[in-house]
Amino acid sequence: MPERAVTAPAKINLTLEIRGRRADGYHELESLVAFAIDAADDVSLRPGTGFSLIVDGPEARELTGENLIARVAHAIGEARPDLTIGAFRLTKRLPVASGMGGGSADAAAAIRLIAAVNGIADPHVAFARLAAPLGADIPVCIGGGGRKAAFMWGIGDEVWRPDGAGLLPAGGLAAVLVNPRVAVPTAAVFKALGADRMEEGEATAPAPPPPPLGDVDAVLAYVRERLNDLEAPAIRTAPVIAEVLETLKGLAGARLARMSGSGATCFALFDDLEMAIARASELRQQCPGWWVAATRLH
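If you read the sequence shown in numbering that gives the first Met the number 0, its first letter stands for residue 0, the second for the next number, and so on.
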């Protein structure tokens, strides 16, 4: 079979509310998640026997430990030894430990490729439950081709996308993404959230998913009513996040600025992509040590 390739777009949490902590230590959450189509890793698979993985790209040197692609491939191979896997290549372009779900997006892309070469029509149905214990963001990155906004809750294992119209405007949301080149481990942020922040058993029921948000103003109205509950503890862990947020808020035309996931990546929303591209260009000159990307969120 020929080699197949897909992109693994960055996952951006437009909202992220922590609803409580379960007895097993996992936190219940709810989040409106979008995907940055123009900010992505590349994943390819040459079907064959066994499993292998080559990693290259500008951010490859930052990867340490076992890759999530390897973990999901091994888990699938053990659960379904009848399936063809083969040789993967990951071209890493997204910063590591950045709050954009890069590793989870890569693993989800690998799952979509395994499903494709084995004729499995719905990779989310086939593999989300298997993959969720390996990475809480993997399930939301599997469906919609990894390119369509979703609402997620539970520990990230419950995912909803509306039939037909997407959750976000058809043309996407113009955004600037910024990472200050500071890795922020998720565990450290949850520790900073505090053991006394939420006691076991206090998780509240998630809110209903939002209706399709047809324009930028509707998105802003929804997002402004909600928070990223990890933003404050992430700032205590990595104070530079506050500087990034203030910088984004000060950009001409920025409608809203917020942190994604557990940080340190932050984003600002704009009315159009041309404005976002111009502001991103200015930021690269102003802060040459930061990773900056202009994109559309879908």
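No residue lacks a Cβ here, since even glycine has one placed at the ideal position from N, Cα and C.
Nearest candidate by alpha-carbon position, reference residue i, set the options
{"i": "residue 337", "options": "95, 262, 85 and 103", "result": "Outside the shown range of the chain (0 to 297) lies residue 337, about which nothing can therefore be said."}
{"i": "residue 18", "options": "62, 177, 152 and 242", "result": "152"}
{"i": "residue 213", "options": "237, 168 and 30", "result": "168"}
{"i": "residue 260", "options": "5, 11 and 209", "result": "11"}
{"i": "residue 55", "options": "91, 26, 24 and 192", "result": "91"}
{"i": "residue 20", "options": "154, 245, 209 and 250", "result": "154"}
{"i": "residue 138", "options": "123, 146 and 251", "result": "123"}
{"i": "residue 293", "options": "117, 253 and 263", "result": "253"}
{"i": "residue 140", "options": "16, 99 and 265", "result": "99"}
{"i": "residue 96", "options": "181, 216 and 210", "result": "181"}
{"i": "residue 131", "options": "118, 158 and 112", "result": "158"}
{"i": "residue 210", "options": "229, 237 and 31", "result": "31"}
Three-way DSSP call (helix, strand, coil) for residue i in this model
{"i": "residue 71", "result": "helix"}
{"i": "residue 110", "result": "helix"}
{"i": "residue 5", "result": "strand"}
{"i": "residue 166", "result": "coil"}
{"i": "residue 45", "result": "strand"}
{"i": "residue 84", "result": "strand"}
{"i": "residue 230", "result": "helix"}
{"i": "residue 297", "result": "coil"}
{"i": "residue 251", "result": "coil"}
{"i": "residue 245", "result": "helix"}
{"i": "residue 191", "result": "helix"}
{"i": "residue 172", "result": "strand"}
{"i": "residue 303", "result": "No statement about residue 303 is possible, as the shown extent of the chain runs from 0 to 297 and does not include it."}
{"i": "residue 103", "result": "helix"}
{"i": "residue 239", "result": "helix"}
Opposing strand residues paired with residue i [DSSP bridges]
{"i": "residue 258", "result": "265"}
{"i": "residue 138", "result": "The partner list for residue 138 (beta bridge, DSSP) is empty, contrary to what the question assumes."}
{"i": "residue 291", "result": "177"}
{"i": "residue 12", "result": "32"}
{"i": "residue 51", "result": "86"}
{"i": "residue 77", "result": "Residue 77 is not bridged to any residue."}
{"i": "residue 149", "result": "32"}
{"i": "residue 40", "result": "7"}
{"i": "residue 27", "result": "19"}
Where the alpha helix (DSSP H) through residue i begins and ends
{"i": "residue 280", "result": "272-285"}
{"i": "residue 222", "result": "215-223"}
{"i": "residue 122", "result": "122-130"}
Boundaries of the beta strand (DSSP E) in which residue i is found, first to last residue
{"i": "residue 60", "result": "Note, residue 60: premise wrong, no beta strand (DSSP E); not H, not E."}
{"i": "residue 18", "result": "16-20"}
{"i": "residue 183", "result": "Run containing residue 183: none; DSSP gives neither H nor E here."}
{"i": "residue 158", "result": "157-159"}
Residue i versus residue j - alpha carbon distance
{"i": "residue 59", "j": "residue 13", "result": "27 angstroms"}
{"i": "residue 0", "j": "residue 48", "result": "12 angstroms"}
{"i": "residue 171", "j": "residue 9", "result": "14 angstroms"}
{"i": "residue 195", "j": "residue 189", "result": "Below a pLDDT of 50, predicted positions are generally treated as unreliable, and residue 195, at 41, falls in that range; the measurement from the model is reported next regardless. Cα to Cα, the separation comes out at about 11 angstroms."}
{"i": "residue 143", "j": "residue 35", "result": "13 angstroms"}
{"i": "residue 265", "j": "residue 68", "result": "25 angstroms"}
{"i": "residue 23", "j": "residue 5", "result": "35 angstroms"}
{"i": "residue 177", "j": "residue 29", "result": "23 angstroms"}
{"i": "residue 220", "j": "residue 227", "result": "15 angstroms"}
{"i": "residue 173", "j": "residue 81", "result": "43 angstroms"}
{"i": "residue 235", "j": "residue 282", "result": "24 angstroms"}
{"i": "residue 103", "j": "residue 46", "result": "21 angstroms"}
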